[in-house]
Each structure stands twice: as structure tokens, then as C-alpha cells.
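K.L.:
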Amino acid sequence: MIRHAVFDDRFAVIALLRESHAAAGYGFAFEASRADALFRLHLESPMACVLLLERQGVVAGVLMASVYDHPFGAGLMAKETVWYIAPHARGRGGPAMLDAYEAWAVKLGCTSIGMAALASNDVSKLYQRRGYAAVETHFIKSI
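Numbering-wise (this note's numbering), the sequence shown opens with residue 37 and increments by one.
(1) How big is the Cα-Cα spacing for L77 and A170?
(2) Give a yes or no on whether the C-beta atoms belonging to I121 and L79 are separated by under 9 Å.
(3) Nearest-angstrom Cα distance between T147 and M37?
(4) Restricting to Cα atoms, I'd like to know which of F75, A114 and V95 is closest to H124.
(5) Compare the Cα-Cα distances from A141 to each of A51, A101 and D44 and report the closest residue.
(6) Please report the residue range of the alpha helix (DSSP H) in which E190 lies.
(7) For a test of the three-state rule: what should DSSP assign to E80, helix, strand or coil?
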């Protein structure tokens, strides 16, 4: 089941963000207080969302996104902040989460929608099947 988060989902989302951080292989430590702030920011903003995937009553996936005015004049754009599904819950839940995310973006009047893929979990073929096109690649360097 896909649903919008409520405040009581906070600890489950923070746990998933911790897993996502580890899976991404970032070179910096996870900070639960920052994950909590990120969750609250997305939960409280009318221009952001926190979508959850539930499996047997347990939160097993999170997709956080926000809407902004595209800097090059393309109109409103929805941009994924983080999308993570626990390995045991992957499968049909991913496309269902994308459906809910896309519907939310359309409801807010977005003209485009963006997604990212971790180098450690490349889902670009899923995106391409759904009509997404690769636009840019991001690189991170710890300094």
C-alpha cells in the first residue's frame, strides 16, 4: 500500500533514511537529527511530500520530493529528494510509488518531474520505461 506519511511515521522514516545513507556509500556519517529535520520539512511543506510503501503494516519504503520553479523557465518541477525501498520489499512497490509521486506532481501543476538513481542501485531502465530521459549525472567528492 502507498500512502502519505503522518508525523507518527517519523521513526520508521528515519530508519529507512539511515539504510538509504548506508546503501549510497556516502563518505560522511549519518545524522538522525538531520534526517528528522528533512522528514519534518517535507511533511510540513505544502510543496513537498513524503510517500510511504507499507508491507503488512510495516513502513518499507519512502519517497520524499519537493516542487520548485525550474530555474530555466520550464515551470514547476517536482524533484525527488530521496527514494529508498528496503531490499526485502522491492518489486511492484516501486512502480506504485512512482505512480503516486507522479499523480501528486500533476495535482500541484508540475510540468516536469525528476528522479535520481544511486550508482549502487541503478534503476535507470525503470525510469526510461516510464518515459524519463537522462539529463545529467551528479558526482560527489568529499573534501
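Built from N, CA and C at the ideal position, the CB exists for glycine as well. What you are looking at is a predicted structure, and each value in this text was computed from that prediction instead of being measured.
P.N.:
Short version:
(1) L77 and A170 have their alpha carbons spaced roughly 28 Å apart.
(2) Taking 9 Å as the Cβ cut-off, I121 and L79 do not qualify as a contacting pair.
(3) Between T147 and M37, the alpha-carbon positions lie close to 27 Å from each other.
(4) Residue V95 holds the alpha-carbon nearest to the alpha-carbon of H124 among F75, A114 and V95.
(5) Looking only at A51, A101 and D44, the smallest Cα-Cα distance to A141 is reached by A101.
(6) Residue 190 lies beyond the range of the chain shown here (37 to 179); nothing can be said about it.
(7) Three-state DSSP puts E80 in a helix.
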